[in-house]
Amino acid sequence: MKYLVMRKIILFFISLMGIVSFASCKDDSRLPTTELTILRSDGSKVFVEAEIADTEETRNRGFMEREEIPDGTGMVFIFDRDQILGFWMKNTPHPLSIAYIDSTGKIRDIYHMTPFSMASWTSTVSVRYALEVPQGWFEREGIKVGDKVIIPGKTDK
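All residue numbers for the sequence shown refer to this note's numbering, where the first residue is 2 and numbers rise by one.
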């Protein structure tokens, strides 16, 4: 009898350890996403599925330590006020391009950033948003400074 009770207890703890181990493998680095529409100067549209970084913690983390960022995806950084923004690539292994976007949704700057670099890529004017995508994606999609990004609930008013 004692043997069966001990066996059940041991099996319970082994099962519990497996559940905890499995749960800890979950990739919780992904943020909620939204579909952004980018209106090119010729009137055509491009879409990007962007993770939303709208808290200090998520903005500071960004794409750090992400090895894979597929084309057609990115991260939009949302700030509460217009300001000069500067981003760097510390602990970020994937090459990225960044667009700085003003409060109306107009792209004001586009830069290509170097993985792991501590250099700061700074906006030339006060902006409210930044959009990071895999490096070269803006060019491949024909997106340029002056195009408009529609961020649901922000620049679509």
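For every residue, glycine included, the Cβ atom is placed at its ideal position computed from N, Cα and C.
Check: Residue nearest to residue 49 in terms of C-alpha spacing, selected from 61, 110 and 100; Outcome: 100
Check: Pairwise C-alpha distance: residue 85 and residue 105; Outcome: 15 Å
Check: 9 Å Cβ cutoff met for residue 40 and residue 146; Outcome: no
Check: Residue of 132, 54 and 90 minimising C-alpha distance to residue 107; Outcome: 132
Check: Cβ distance (whole Å) where residue 54 is taken to contact residue 76 below 8 Å; Outcome: 6 Å
Check: Where residue 63 falls, given that 16 or more other Cβ within 10 Å makes a residue buried; Outcome: buried
Check: Segments of 3+ residues assigned as beta strand (DSSP E) that fall wholly inside the stretch 78-108; Outcome: 97-102
Check: Beta strand (DSSP E) runs wholly inside the stretch 114-152, at least 3 long, in chain order; Outcome: 128-135 and 149-151
Check: Spatial neighbours of residue 17 in its chain, beta-carbon cut-off 7 Å, leaving aside the 5 residues before and after; Outcome: Bear in mind that the predicted position of residue 17 carries a pLDDT of just 41, short of 50, making it too unreliable to give a figure here.
Check: Cα-Cα separation between residue 128 and residue 81, rounded to whole angstroms; Outcome: 10 Å
Check: As assigned by DSSP and simplified to three states, the class of residue 68; Outcome: coil
Check: Reference residue 122, options 141, 98, 33 and 134, closest by Cα; Outcome: 98
Check: Extent of the continuous beta strand (DSSP E) run through residue 38; Outcome: 34-40
Check: Residue 59, enclosing alpha helix (DSSP H) - first and last residue; Outcome: 57-62
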